[in-house]
Structures are given as structure tokens and as C-alpha cells.
Amino acid sequence: MDEERDSIVFEDEEGNEIELDILDYFFYEDQEYAILMDLSGVPEEREDVDDDGEPQDIYIMKVVTNGDMEEFLPVEDELMDKLSEIAESRLFSDDDEDEGEEE
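Each position in the sequence shown, counted from 1, maps to that position plus 30 in this note's numbering.
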């Protein structure tokens, strides 16, 4: 199943462009956050690992909306543990339910 995702392009410290796909949005304490992942080179059937079977990096960014524009900002360190827990729950809870349905 080919599902089209929104993606954004960031530039790292060395000027290299990094394209990240937006997997999900969620709210925590009245603030919107986005879950992002680089899905280039990831097998369709497993979005959580790359071609070598290594876990993919998941990025969580704060979303600030100004009119029609969304700005993605780094998350404060003290929030990262809680946001990571929420993100993992949102991303992988469907996988657990799907596995139970296949039996």
C-alpha cells in the first residue's frame, strides 16, 4: 500500500539537506508536536528499521503555526523523555493490535 506522507527538508550544520517524513502530530500540555523520521531507504513493511535492520532515528519537534506556515523547533531536553514515550506509544500501539488480529 503506497501511502503518501508529508515531508519537510532540514539543513544540518554542514549544509547537507535532510528530508524527514511527518509520521504523526500530537498535543502535550496544550502544545503541538510532530513525530518525524527519515524513511528513505526503509523497507515498506518495516518503517522502524533501515535496510540493514538497524533502528531508525525518530525525531520529535515542537510545531509552531504562524498563519499558514508551520515552523518545526527543537524540543527542550527536560520534555524529551515524556514526548518520546508518547511518540513510541502512538507509533507502535497499532503494530501490537495488528499482530493480535492476524492470529
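By construction, the Cβ of each residue, glycine as well, lies at the ideal position given by its N, Cα and C atoms. What you are looking at is a predicted structure, and each value in this text was computed from that prediction instead of being measured.
Does M110 pass the burial test, meaning 16 or more other C-beta atoms within 10 Å, or should it be called exposed? exposed
Could you name the residues of the same chain whose beta carbon sits closer than 6 Å to that of D68, not counting the 5 residues immediately before and after it, in chain order? Here the set comprises L50.
Please identify the residue among M99, L103, E43 and F40 whose C-alpha is closest to the C-alpha of I90. Closest by alpha carbon: L103.
If you draw a straight line from the alpha carbon of E41 to that of E47, how long is it in whole angstroms? 5 Å
Buried or exposed by the 16-neighbour rule on C-beta atoms within 10 Å, applied to Y63: buried
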